[in-house]
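In terms of my numbering, the sequence shown opens at residue 1 and continues consecutively. Written below as structure tokens is the structure these notes are about.
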Amino acid sequence: MKKLMQGMMLAVATLAVCAGAAQAKQLVFCSEASPAHFDPGPTTGGNDFDASSRTIYNRLVEFKHGGTDVEPGLAESWEISDDGLTYTFHLRAGVKFQTTSYFTPTRDFNADDVIFSFERQWKEDNAYYNYLEGISWDYFQGMDMPKFLKSIEKVDDLTVKMTLNEPNAPMIANLGMDFASIMSKEYADQLAAAGTKELLASQPIGTGPFEFVDYQTDAVIRYKAFPDYWAGKVAIDDLIFAITTDPAVRVQKLKAGECDIMDYPNPADIADLQADTNLTVAEQEGLNIGYMSYNTTIAPMDNVAVRKALNMAINKKAIIDAVYQGAGQVAVNLIPPTMWSYNKDVVDDAYDPAAAKAALEAAGVKDLTIDLWAMPVSRPYNPNAARVAELIQADWAAVGVKANIVTYEWTEYRELGKAKDRPGAFQIGWTGDNGDPDNFFATLFSCSAIGVSNYSSWCDPTFEKLIQDAKKVSDQGERAKLYEQAQVVFKEQAPALTLAHSKVFMPMNKRVSGFTMDPLGIHRFDNVDVTE
1 MKKLMQGMML
11 AVATLAVCAG
21 AAQAKQLVFC
31 SEASPAHFDP
41 GPTTGGNDFD
51 ASSRTIYNRL
61 VEFKHGGTDV
71 EPGLAESWEI
81 SDDGLTYTFH
91 LRAGVKFQTT
101 SYFTPTRDFN
111 ADDVIFSFER
121 QWKEDNAYYN
131 YLEGISWDYF
141 QGMDMPKFLK
151 SIEKVDDLTV
161 KMTLNEPNAP
171 MIANLGMDFA
181 SIMSKEYADQ
191 LAAAGTKELL
201 ASQPIGTGPF
211 EFVDYQTDAV
221 IRYKAFPDYW
231 AGKVAIDDLI
241 FAITTDPAVR
251 VQKLKAGECD
261 IMDYPNPADI
271 ADLQADTNLT
281 VAEQEGLNIG
291 YMSYNTTIAP
301 MDNVAVRKAL
311 NMAINKKAII
321 DAVYQGAGQV
331 AVNLIPPTMW
341 SYNKDVVDDA
351 YDPAAAKAAL
361 EAAGVKDLTI
371 DLWAMPVSRP
381 YNPNAARVAE
391 LIQADWAAVG
401 VKANIVTYEW
411 TEYRELGKAK
421 DRPGAFQIGW
431 TGDNGDPDNF
441 FATLFSCSAI
451 GVSNYSSWCD
461 PTFEKLIQDA
471 KKVSDQGERA
481 KLYEQAQVVF
491 KEQAPALTLA
501 HSKVFMPMNK
511 RVSGFTMDPL
521 GIHRFDNVDV
531 TE
């Protein structure tokens with residue numbers, strides 16, 4: 001009954017926000033989770049980015065729709081010095097910031113906005129470095145930006161020079177990522193003067209295709225097309241995110257015409273969605289990994305033999321068959337097989353309960369109890385973490401290990417998981433942000449990512465040297481060799497269980513045209529149209 005009432009309330013809320021724009025072109029997206037807020041700098045979830053960086057904001061460079069190649073964004077061109085240390089960006093002239101009920105810009109986008117957008121994540125004396133309680137710049141720190149950046153300077157209003165301490169091969173691709181979204185310094189200064197800096201995260205201002213209108217917490221987000229968007233006004237007049245955490249309810253709403261696009265359907269529902277003549281179901285191999293991190297700093301998971309034994313006790317194929325139902329494959333390495341540098345010679349841990357039990361006994365581990373964390377929402381890399389946890393719980397019980405399944409609300413789940421003293425095994429996953437292996441290896445398991453996105457708190461000197469050396473090399477073949485070696489070390493040390501790479505499906509009403517699935521797991525609506 002509670003779910004029914006919630007569904008009715010959401011339907012009423014959606015109808016209410018739609019009523020005022022009956023003559024406009026509108027698209028309703030059934031999204032899977034509420035955003036933490038609307039500042040993409042300190043957030044890490046795909047649902048956060050969908051709601052902020054890809055609707056409201058732009059970056060210096062953008063990823064082309066449907067791929068990982070970069071193209072000009074707010075920077076219309078750039079040059080890189082021969083030594084790979086200096087990047088000069090030529091900014092696009094005449095770019096407008098959005099005008100809303102809470103902010104009216106007095107100038108166009110310029111170099112000051114670029115410098116502010118990075119320095120707020122970098123300089124501890126910046127007024128916005130700690131502007132939200134508990135804030136952390138997970139991507140900026142996890143990708144070692146403080147290590148690589150030497151300076152960001154304004155040459156003139158439309159030219160920015162970025163100088164590095166050492167070469168970083170994936171830098172341009174990194175700047176197309178969500179954390180690199182460009183904010184309005186003028187707006188930030190206005191909020192700081194008023195003593196309301198926190199509004200930067202709840203009342204956003206950007207240069208992107210859609211303006212923020214309002215947010216009914218955990219229910220509906222409303223946007224409208226930005227009429228002065230530098231790339232031209234988009235076809236959709238009104239964009240609505242109907243937040244619907246249950247994938248079965250998202251399916252019901254799509255089939256009932258209450259939403260136009262939904263994400264992450266249950267694998268069991270895909271055949272029925274494909275058979276519906278009113279729908280189109282787009283699909284592609286995901287650039288993703290579903291995995292489970294052990295906290296390698298807490299006994300007995302600080303012992304690699306114990307971690308390997310726990311991995312051997314898990315029947316990954318049975319999990320793929322039961323949960324992914326044909327929409328996933330067993331993950332051997334951290335990166336998917338479609339990514340360059342994938343090491344096909346790495347051998348996965350065999351499913352061998354007897355050997356797992358013997359290894360635990362040899363390590364002196366008896367009556368082990370583990371907290372087994374399960375995500376509360378469906379993700380592209382794991383459609384049902386609760387069910388995965390139940391299957392792992394049963395597998396571990398067979399070798400004498402007791403697992404207590406725990407979960408929290410999605411934003412809280414990720415924050416608690418970062419803690420260096422977090423106990424147990426933590427289910428999580430990743431969809432690549434830029435098509436570069438560094439975005440998996442360094443972002444997820446570098447030493448600097450501990451307490452940020454390295455949920456294993458794992459710092460291995462051999463692995464670290466390989467992935468850091470790979471950043472300094474420009475030749476992709478040489479970089480690939482280093483990443484191939486890193487995959488060997490990762491498998492030997494087992495800081496995590498690599499579970500699955502999944503196929504991603506996006507069902508939508510046939511009235512929707514132009515929508516392009518992105519391998520980076522982002523949802524963009526600037527190229528979408530609808531027929532009424």
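We put the CB at the ideal spot given by N, CA and C, even for glycine.
1) Assess, as a yes-or-no matter, whether the segment 481-491 is touched by the segment 430-450 under the definition of 3 or more beta carbon pairs within less than 8 Å.
2) Starting from the Cα of CYS30, find the closest Cα among GLU532, LEU287 and PHE525 and give me that residue.
3) Can you tell me the Cα-Cα spacing of THR55 and GLN26, whole angstroms?
4) Quick one: residues in its chain with C-beta nearer than 6 Å to the C-beta of GLU532, no 5 flanking neighbours on either side, listed in chain order?
5) Report buried or exposed for VAL114, applying the criterion of at least 16 other Cβ atoms within 10 angstroms of its Cβ.
6) Please say whether ILE152 and SER184 have beta carbons closer to each other than 7 Å?
7) When the Cβ atoms of the segment 406-425 are set against those of the segment 332-341, are three or more pairs found closer than 8 Å?
8) Got a sec, what are the start and stop residues for the beta strand (DSSP E) TRP373 sits in?
9) Shortest alpha-carbon distance to SER453 belongs to which of ILE298, ALA188, TYR413 and THR207?
10) Who does ASP529 pair with in a DSSP beta bridge?
11) Just how far apart, CA to CA, sit LYS161 and TYR87?
12) Going by Cα to Cα distance, which pick from SER474, PHE515 and VAL530 is closest to ASP83?
13) Between ASP421, ALA480, VAL330 and ASP178, which has its C-alpha nearest ARG294's C-alpha?
14) How many angstroms separate the CA atom of GLY257 from the CA atom of PRO507?
15) For ASP395 and SER456, what's the separation of their Cα atoms in angstroms?
16) Which of the three DSSP states is assigned to GLY328 in this structure?
17) Could you check the C-alpha separation between ASN174 and HIS523 for me, to the nearest Å?
18) For PHE103, collect the residues of the same chain with a Cβ closer than 6 Å to its Cβ; drop the 5 residues on either side in sequence, then sort them by chain order.
19) DSSP state of GLY142, grouped into three classes?
20) For ASN126, which residues from the same chain have a beta carbon less than 7 Å from its beta carbon, with the 5 sequence-adjacent residues on both sides left out?
21) So ALA425 is in the beta strand (DSSP E); what residue range does that whole segment cover?
22) Any idea what DSSP makes of MET183, helix, strand or coil?
23) Mapping DSSP to helix, strand and coil, what is THR462?
24) From TRP410, LEU372, LYS308 and TYR351, pick the residue whose C-alpha is nearest to that of ALA362; which is it?
25) Would SER101 be called buried (16 or more neighbouring beta carbons within 10 Å of its own) or exposed?
26) Relative to the alpha-carbon of ALA299, which residue among GLU76, THR44, ILE289 and LEU368 has its alpha-carbon at the smallest distance?
27) For ALA354 and PRO209, I'd like the C-alpha separation in whole angstroms.
28) Look up GLU283 in the DSSP assignment and say whether it is helix, strand or coil.
29) Looking at C-alpha atoms only, which residue of ASP260, ALA470 and ALA486 is the closest neighbour of VAL346?
30) Looking at the structure shown, is ARG379 part of a helix, part of a strand, or coil, going by DSSP?
31) Name, in chain order, the residues that DSSP records as bridge partners for LEU27.
32) What is the DSSP secondary structure of ASP156, reduced to helix, strand or coil?
33) Can PHE213 and ALA242 be called in contact, C-beta distance under 7 Å?
34) Taking DSSP's pairing of strands, which residues face ILE405 in a bridge?
35) Quick one: give me the first and last residue of the beta strand (DSSP E) that PRO519 is part of.
36) According to the Cβ coordinates, are LYS154 and THR163 closer than 7 Å?
Once the coordinates are examined:
1) In short, these stretches touch, since the Cβ pair count reaches three.
2) As a first step, residue 30 is located in the sequence shown; it is residue number 30 there, counting from the start. Nearest of GLU532, LEU287 and PHE525 to CYS30, Cα basis: PHE525.
3) On the sequence shown, position 55 is the one that residue 55 refers to. On the sequence shown, position 26 is the one that residue 26 refers to. Approximately 14 Å, taken between the alpha carbons.
4) Looking up residue 532 in the sequence shown gives position 532. Within the same chain, GLU532 has no close Cβ partners at all.
5) Within the sequence shown, numbered from 1, the residue matching residue 114 stands at position 114. In summary, VAL114 is buried, with 16 or more beta-carbon neighbours lying within 10 Å of its beta-carbon over all protein chains present.
6) Mapped onto the sequence shown, residue 184 falls at position 184. Mapped onto the sequence shown, residue 152 falls at position 152. Contact flag unset, no.
7) no
8) Working through the sequence shown from its first residue, we reach residue 373 at position 373. Element bounds for TRP373: 369-373.
9) Residue numbering aside, residue 453 sits at position 453 when the sequence shown is read from its first letter. Nearest of ILE298, ALA188, TYR413 and THR207 to SER453, Cα basis: TYR413.
10) Taking the first residue of the sequence shown as position 1, residue 529 is located at position 529. The partner list for ASP529 (beta bridge, DSSP) reads SER513.
11) Residue mapping note: residue 161 aligns to position 161 of the sequence shown, counting from 1. Residue mapping note: residue 87 aligns to position 87 of the sequence shown, counting from 1. Roughly 6 Å between the two C-alpha positions.
12) Along the sequence shown, read from residue 1 onward, the residue named residue 83 stands at position 83. The option with the nearest alpha carbon to ASP83 is SER474.
13) Against the sequence shown, residue 294 aligns to sequence position 294. One point to set straight first is that residue 294 is Tyr, not Arg, in the sequence displayed. Closest by alpha carbon: ASP421.
14) Mapped onto the sequence shown, residue 257 falls at position 257. Mapped onto the sequence shown, residue 507 falls at position 507. Approximately 12 Å between the Cα atoms of the pair.
15) Working through the sequence shown from its first residue, we reach residue 395 at position 395. Working through the sequence shown from its first residue, we reach residue 456 at position 456. ASP395 and SER456 have their C-alpha atoms roughly 21 Å apart.
16) By one-based count along the sequence shown, residue 328 stands at place 328. Three-state result, GLY328: strand.
17) In the sequence shown, residue 174 corresponds to position 174, counting from 1. In the sequence shown, residue 523 corresponds to position 523, counting from 1. Going from the Cα of ASN174 to the Cα of HIS523 covers about 18 Å.
18) Your numbering for residue 103 matches position 103 in the sequence shown. Closer than 6 Å at Cβ, skipping near neighbours: TYR187 and ILE205.
19) Translated into the one-based positions of the sequence shown, residue 142 becomes position 142. GLY142 sits in a helix when the DSSP states are folded into three classes.
20) By one-based count along the sequence shown, residue 126 stands at place 126. GLU119 and ARG120, listed in sequence order.
21) Translated into positions along the sequence shown, residue 425 becomes position 425. Boundaries of the beta strand (DSSP E) harbouring ALA425: 425-431, taken from the DSSP string.
22) As a position in the sequence shown, residue 183 is number 183, starting the count at 1. MET183: coil per DSSP, three-state reduction.
23) Residue mapping note: residue 462 aligns to position 462 of the sequence shown, counting from 1. Looking at THR462 - three-state DSSP - the assignment turns out to be helix.
24) Counting from 1 along the sequence shown, the entry for residue 362 is found at position 362. That would be LYS308, whose Cα lies nearest to the Cα of ALA362.
25) Position 101 of the sequence shown holds residue 101. Exposed: under 16 other Cβ atoms inside 10 Å.
26) Numbered from its first residue, the sequence shown carries residue 299 at position 299. Checked all of GLU76, THR44, ILE289 and LEU368; the closest Cα to ALA299 is LEU368.
27) For the purposes of this step, residue 354 is identified with residue 354 of the sequence shown, where counting begins at 1. For the purposes of this step, residue 209 is identified with residue 209 of the sequence shown, where counting begins at 1. If I take the Cα positions, the gap works out to 57 Å.
28) Here residue 283 corresponds to residue number 283 of the sequence shown, with the count starting at 1. GLU283 falls in the strand class under three-state DSSP.
29) Counting from 1 along the sequence shown, the entry for residue 346 is found at position 346. The residue with the shortest Cα to Cα distance from VAL346 is ALA486.
30) Numbered from its first residue, the sequence shown carries residue 379 at position 379. Note: ARG379 maps to strand in three-state DSSP.
31) The residue given as residue 27 occupies position 27 in the sequence shown. In DSSP, LEU27 forms a bridge with LEU239.
32) On the sequence shown, residue 156 is found 156 positions in, with the first residue counted as 1. Strand, per DSSP.
33) On the sequence shown, position 213 is the one that residue 213 refers to. On the sequence shown, position 242 is the one that residue 242 refers to. It is Val, not Phe, that sits at residue 213 in the sequence shown. For VAL213 and ALA242, no; Cβs fall outside 7 Å.
34) To locate residue 405, count along the sequence shown from 1; it is residue 405. Beta-bridge pairing links ILE405 to LEU372.
35) In the sequence shown, residue 519 corresponds to position 519, counting from 1. Premise fails: PRO519 is in no beta strand (DSSP E) and is neither H nor E.
36) Numbered from 1 along the sequence shown, position 154 holds the residue referred to as residue 154. Numbered from 1 along the sequence shown, position 163 holds the residue referred to as residue 163. Contact flag unset, no.
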